[in-house]
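Take the sequence shown: its position 172, counting from 1, is numbered 188 in this note's numbering, and each next residue is one higher. For glycine and all other residues, C-beta sits at the position ideal for the given N, C-alpha and C. Please read all numbers here as calculations on a predicted model, not as lab measurements. Worksheet: one structure, shown below.
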Amino acid sequence: MGGILKQVMSNGLFITATSTGIGKTVVSAVLCRILLRAGFSVCYYKPVQTGAAVSGGRLVSQDAAFVENFAGASRGLKTHFTYLFKKPASPHYAAKLESGDVNLVTIITDYHSLSQSHDYTIVEGAGGLYVPLNDNGVLMADVPEALELGIILAANAGLGTINHTGLSCDFARRRNIPVRAVILISHEEQPTPLERENREVLVKLTGIKDIYLISAAGGVDVDKNLTGELEQSIDQFPPLDKIRGWMA
Ligand SMILES: Nc1ncnc2c1ncn2[C@@H]1O[C@H](COP(=O)(O)OP(=O)(O)O)[C@@H](O)[C@H]1O
Ligand SMILES: [Mg+2]
């Protein structure tokens, strides 16, 4: 019984970042693609999308559209979101401006019904872990904590990342949220010596071994739904066995 429950609870990962516009959606799309091409059914779940695009007179999640575009050609992908807000702002503020109310229980309920009907569920946060979902003190970190999900942290590889990544990992640890991996994204032609040093020092300081330093693929733009050369850069991301191991 405990085994079955654990299996249901842990077949997901929560993708977060040190800030907005860093690479959560790109990482989510790649993880979905890797799991799908191995034949698993996968759900991409975006609990709260702010800065939602307008298409055909209604709000749509551009993050879900990008994941669908990149990974959805493989059969078995479902995308889902719970809250959409037009204002590009922290969820608590966007919700206030648009007379909405972000409810953690609704997110938990949605996640459980999605995860029960898919082999794996990839959940993408908004902003970082310390982003408020409402005015009642609920933070984005409460989502992986409540769902008992490990996280993957996307961060820039360059100057400033030791502080941002270190603080995010430390905060996750205080909340008992396991950091499964960090993905440092380099926007240089080749990862620079400084970026490699950042990776090494973060491994030492955080104790997290799975810190990947990857080069950004050319021509990727999530908001414009351009996948560019992302497919050719997949080998830089964690391999299937690792990803599955983090959800075992
Ligand atoms: N691995 C990557 N390869 C190429 N471009 C990337 C990569 N990761 C992030 N980017 C760039 O950063 C932008 C923001 O990434 P995104 O995944 O939308 O961030 P977030 O979901 O954290 O807001 C993308 O539109 C793209 O231009
Ligand atoms: Mg995103």
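- Which ranges would you report for the alpha helix (DSSP H) in the stretch 142-204 if only whole runs of at least 4 residues count? 158-163 and 177-190
- Message: Any contact between the stretch 51-62 and the stretch 157-168? By contact I mean 3 or more CB pairs, one from each, below 8 angstroms.
- Response: no
- Item | Integer-rounded CB distance, given that LEU145 should sit under 8 angstroms from ALA188 | 6 angstroms
- Query: So, are the CB atoms of VAL198 and LEU218 less than 9 angstroms apart?
  - Reply: yes
- Message: Tell me which residues share the same chain as LEU221 and place their Cβ nearer than 7 angstroms to its Cβ, disregarding the 5 neighbours each side in the sequence.
- Response: GLY182
- Message: Shorter than 8 angstroms, the distance from the beta carbon of SER249 to the closest heavy atom of ligand 1, or not?
- Response: yes
- Query: Which residue or residues does DSSP assign as beta-bridge partners of LYS103?
  - Reply: LYS103 pairs with nothing; no bridge assigned.
- Task: Could you name the residues of the same chain whose beta carbon sits closer than 7 angstroms to that of CYS48, not counting the 5 residues immediately before and after it, in chain order?
- Result: VAL58, TYR60, VAL83, ALA87, LEU93 and ILE138
- Query: How would you label THR125, buried or exposed, when you count the other beta carbons within 10 angstroms and need 16 or more for buried?
  - Reply: exposed
- Message: Tell me which residue opens and which closes the beta strand (DSSP E) that PRO255 is part of.
- Response: From DSSP, PRO255 is part of no beta strand (DSSP E); its letter is neither H nor E.
- Query: Going by the C-beta, is GLY28 closer than 8 angstroms to any heavy atom of ligand 1?
  - Reply: no
- Message: Taking CB distances under 9 angstroms as the criterion, tell me whether ARG53 reaches chain D.
- Response: Of the protein chains in this structure there is only one, and it is not chain D.
- Item | DSSP beta-bridge partners of CYS59 | LYS94 and THR137
- Item | Neighbourhood of ligand 2 [Cβ distance below 5 angstroms to any heavy atom], ordered by chain position | LYS40, THR41 and ASP79
- Message: Given a cut-off of 9 angstroms on the beta-carbon distance, is the pair HIS108 and LEU52 in contact?
- Response: no
- Nearest neighbour of ARG212, chosen from GLY28, LYS240 and THR177 [CA to CA]: THR177
- Message: Along the chain, where does the alpha helix (DSSP H) containing VAL217 start, and where does it finish?
- Response: 209-222
- Message: In this structure, how does DSSP classify VAL24 when only helix, strand and coil are distinguished?
- Response: With a pLDDT of 48 at VAL24, under the threshold of 50, the modelled position of that residue is not reliable, and the figure given next carries that caveat. Reduced to three states, the DSSP call for VAL24 is helix.
- Item | Contact under 9 angstroms by Cβ, ALA233 with LEU200 | no
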